[in-house]
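A short write-up of the structure that comes next.
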């Protein structure tokens, strides 16, 4: 079966999912829905992506000389599922106005409330919960990264007593020039826990997790400083083994490879020739991994622009029962050229 | 007794200590030693501060039209103590070359190794350890802030099981235009613990503390996210009471006073008319103070340019036995116009 | 006569004008109108400033524990003039709704269209045009700086053929943490000329001026790179003499005083003890002043937070015919502790 | 003939030239010389690039587990030319120590003094000057962009009276996390003209050009605001035609394509799938192109990381007389996937 996909919203996330869908052999990108004619739409067309828009927006595109293939209605009748990558809260509106009335399936992003979907989703942590579901919510970039990290230990049977995570968020994406801060650290929010902790619990309900968050004037990646308290002593050796073997977790060595900042991680991806310089994996700083008795400390970089892309692909497979968990993860990663060396995929 | 003070190094810290010394009635600023003729020296003279320099630098000052009163030797014979505010590591060199051979007393900054001095110092945490000592090291901005916070609980008899602190450091001071990062988060260092944890132990040897640190592209303040695990349950009420009563700890309310970022804290100080917009107190974010059973979470802003200034003043008093701990703290704070409302100073 | 002043809006500009008015002996600050209870209002009260607000906002202040003296109506009946420092466009609304119906005089800021007032104003360039006017608009920070610079030559009888100015604007004020850009240079606007050139012509209608502008991720100051083409050759000597003698123009020497960036200029003001570290003068970079035949090139820093403050004071004097041009400028500068050395004020 | 190339220095520029050389069919990349084992070397190997290093550095690479093929001596005897992409000033040292004694040909970058080479080079402006030369210096990113822009008019026979260019430089490359400024605008230098004007004259000796430069806290691109005064009136139409037809000059429309900042230009390149998101062309802001009688004003973005890459390729061809000017430009651009639509290459 080939799942026919429409993408609603063609911004930072939407355009990446579009490129990813086009690389899959069990999915077909029917088109993307876009509101504004701009360079992003023009580039999309140059890649063979079909643009659709709202009826009252067609004129704008024509005026700008950017071809649209049809209206949203034209697209909708030809797809099996909509991946909704609209701004926070718009997905819920779309569900009420469009998807539910028309009996359409949909995948939402983490900017929506958990209630929008039948399940919140992270491939590594709870793939099976999403099998056959009609509405799935792929959790946000920060929640995805935390869920993968915590999930890596849980699937190996580790018991976690408590997670404390401290998030240093990038202030804006590279393309967002109106957002700040400039020369400031913003409490994001001041209250504890930030929303990220409870959001991880939508994926892993049993976890005890506290998060704090600030925003800083960078566009590169989020940075997490994480403290995991296990139920009993652990060794650095076993921790390293698990992290090395888990898909979508990469280890970067600061001392031996001169990866001394988040920008070096992006530079690595640019040098490798990755599309847009994306890093869809958790970028763990190997030297930061430290164990004191039953406590683990580490830093990880989280590429907010792209980290949820593989999970959106996996969510489609779970929704349509195309593959089992590990088959889907392996397939997604291979086709997205993620790093898949080592024993990462032996867990099936 | 009036202690005669010379200041070695007139940068970010040195110039602030100079202004502070001039406000004290039990100290006299004899002069400051400066290497480079520049606007900072010119402004110093306009305030009545006498400049001294190395013999081979006198020419440079004359050429620039900035008056020097004498050479380093002229200054040294007229002072009781040198406060050394030179860059990291230079203090130790000065000790070996100048202070020790001449039998001079000296106060060093936190950029020096702890071994440079007879004791590392924080007024709230270990004032009495410094009484009568010949060489005292005032710990760095981050260590000062952590020592005050931890000290606040220890002096009330609380038992602390473990402190975990996550430091988001400003990349440079406002005047340092060559330092980065730009658009990056730097592991500072990647390894755990960062040097800050062990440094707190030079002041409070018994504390179990782990720290992690990154640097970001701001110049405003450092931001600490702190987790203190007490030995037994605590209530938010008692925690708040202690923090409100402790000198050099201020509470800023994000919700009711719209203090939503570090820049707002500096703006508050600028509006108040504080010299240079300095905030010499720990700036605790009141809304972040959260208690879960025996664990406290909070955020605090740390003004790296000025937070160690009052401790340098207190260190002089301890060295020369001018005052007892609480008398010195109270006197320093009053004369520096720090906030001294409430029951802050009832601990004497 | 003492002019009774109310200030509408208590943000970056409003609070500075309030402090300035309080330093004048021919003006009295009756109060300021503020919409939101926050730390800025709390600090204002601590300085003895009376807060007024809209009737439906009184509750909010009471709830926050910040005292208001009365409502906007209470204030208005006791003032001779309102200085309106509200956000762009709100001044025009206030004029239509409040000032005109009540027959109140008002001074507006440069965010309003020129049509809001009887004249646009810069003290050096066109003080006499504002004498006795009922509505005066003090032009924006960038326009003020350009008008002073051009005015300095015009009042000495120089003929200017053309001005070309290139503005590198700060992205946000220090207190504005939501505005960007981060890591970007924004065309501000892309089209030529930017609005600044025409805006200078509201003050100096005869000048031929082209401007281009971009915004960058800083909060410190704007930076202008200016090219003035005179009608005939000029010498660097005569240019320097004029700039040295003109009030509200300061020369900073990069080579001899190590003023190598805009941050050094602010650092100089902080060190001097200026309130909030403000620089109300044009900050010319002396080393950049270069003459090729009939063309002058130079750089100037423009402190967007404070540069219009003295002009607001002068505008009051012009409106109420309190002083002649040079008397007002001299008086304002003396009371604001601006630099008034040299022959600056010999032009009266 | 296939020219055998070695690259000395594998940083921002060196690694891009390496990738570009590998795409050419008349050149062969023998290897690159690298001093430090790091992630950049590891990625190079994964692309099939051979690493060479100094004899005393071999150990470091072995220890880090990064394979080196040989020492610098091994490389040198197998190449026809070295492209030297070492830091400023090192190229001249290498010439004296290595290239001249061994009779090697070399291409230098713009960080070297003009005297290092027989000619300074820009493909569009003076390709023929470099034919057969032994040492060629490809001018810096800013000079390359200005030379292309000026060259575009000169090759069409336009007479230029004067160029005034205002450079807003990025503070550091994305990978350079130690360089600033943070929250500052640095005079770069304060004096006028900056070195860029004279540097353009090393390529186009007859041009009258003045430049001013500042550095800002971004890593994206430089931004030039340029004013060209022609000898006689010009029309916007003819200017546009020339710019549209000139290779390595792209027009970006701010109004119709929502390219409102430099980050959007890089985002466009990322979306297109360009390696590292590079923009090797001058990025002209179409809406900024404005003509007043004989004067042209415009803005252009200059991608400092990559803009000199095509010129290095062309310099090889000129040195070895592989192609004529327009053949080389066309070939380079096609193989680097630069935009080559329109009549750009009709000038041959």
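Protein chains in written order, with the numbering used here: chain A, 1 to 348; chain B, 1 to 348; chain C, 1 to 348; chain D, 1 to 348. We treat Cβ as the ideally placed atom computed from N, Cα and C, and that holds for glycine. The structure presented is a predicted model; accordingly, all values stated were derived computationally and were not measured.
A distance below 8 Å between beta-carbons, with the five flanking residues on each side excluded, links residue 295/B to the following residues of its chain, in chain order: 227, 228, 229, 230. Counting along the chain, the unbroken alpha helix (DSSP H) around residue 58/C starts and ends at 58-64. Only buried fits residue 137/A, as 16 or more other CB atoms lie within 10 angstroms of its CB. Taking the CA atoms as reference points, residue 12/C sits about 6 Å from residue 305/C. Under the 9 Å criterion on CB atoms, residue 186/C is classed as interfacial with respect to chain A.
At a cut-off of 9 Å between beta-carbon atoms, residue 265/A makes no contact with chain C. DSSP lists 302/D as the beta-bridge partner residues of residue 222/D. When the five nearest sequence neighbours on each side are left out, the beta carbons in the same chain lying within less than 7 Å of the beta carbon of residue 82/D are those of 6, 8, 99, 104, 106, in order along the chain.
Sequence-distant partners of residue 34/D (beyond 5 residues in either direction) whose C-beta falls short of 7 Å from its own C-beta, in its chain, are 10, 41, 51, 53. At a cut-off of 9 Å between beta carbons, residue 58/A makes no contact with chain D. Not one beta carbon of chain B lies nearer than 9 Å to the beta carbon of residue 227/D.
Residue 3/B and residue 132/B have their C-alpha atoms some 13 Å from each other. Leaving aside the five residues that flank residue 311/B on each side, the residues in its chain whose CB is nearer than 7 Å to its CB run, in chain order, 121, 122, 123, 138, 144.
Between residue 234/A and residue 166/A, the gap from beta carbon to beta carbon reaches 9 Å or more.
Residue 195/B holds the alpha-carbon nearest to the alpha-carbon of residue 110/B among 241/B, 246/B, 195/B. For residue 317/A, the enclosing alpha helix (DSSP H) has its first and last residue at 309-319.
If you ignore the 5 residues before and after residue 220/C, its C-beta comes within less than 7 Å of the C-beta of 170, 262, 263, 266, all in its own chain and listed in chain order.
Three or more beta-carbon pairs drawn from the region 240-251 of chain C and the region 276-283 of chain C are found closer than 8 Å, and the two stretches are therefore classed as touching. For residue 256/D, the nearest CB of chain A lies under 9 Å from its own CB, placing it at the interface with that chain. Under the 8 Å Cβ criterion, the region 208-215 of chain C counts as touching the region 179-197 of chain C, having at least three qualifying pairs. Between residue 179/C and residue 179/A, the alpha-carbon positions lie close to 5 Å from each other. At a cut-off of 9 Å, the C-beta of residue 168/C has a neighbouring C-beta in chain D. Between residue 45/A and residue 67/A, the gap from beta carbon to beta carbon is short of 9 Å. 9 Å or more divides the Cβ of residue 187/A from the Cβ of residue 186/C. Here DSSP, grouped into helix, strand and coil, assigns residue 91/A to helix. For the 9 Å CB-CB criterion, residue 289/B and residue 301/B do not form a contact. Within the region 174-202 of chain C, contact with chain D at the beta-carbon level (separation under 7 Å) is assigned to 181, 183, 184, 185, 186, 187, 190, 191, 192. For residue 136/D, the uninterrupted beta strand (DSSP E) run begins and ends at 135-138, by DSSP. Residue 271/A has a beta carbon lying within less than 9 Å of a beta carbon in chain D. For residue 28/B, there is no enclosing alpha helix (DSSP H); the enclosing beta strand (DSSP E) covers residues 27-33. Residues of the region 291-306 of chain A with a Cβ closer than 9 Å to any Cβ of chain B, in chain order: 292, 295, 297, 298, 299, 301.
Shown here for residue 127/D: same chain residues with a beta carbon closer than 6 Å to its own, the five before and five after excluded, namely 318, 325 in chain order. For chain D, the residues of the region 207-221 of chain B that bring a beta carbon within less than 7 Å of one of its beta carbons are 217, 218, 219, in chain order. In the three-state reduction of the DSSP assignment, residue 43/A falls in the helix class, which pools H, G and I. Close partners of residue 288/B in chain A (Cβ separation under 8 Å): 187, 190, 191, 192, 212.
Restricting attention to 236/D, 201/D, 117/D, 277/D, the CA atom closest to the CA of residue 84/D is found in 117/D.
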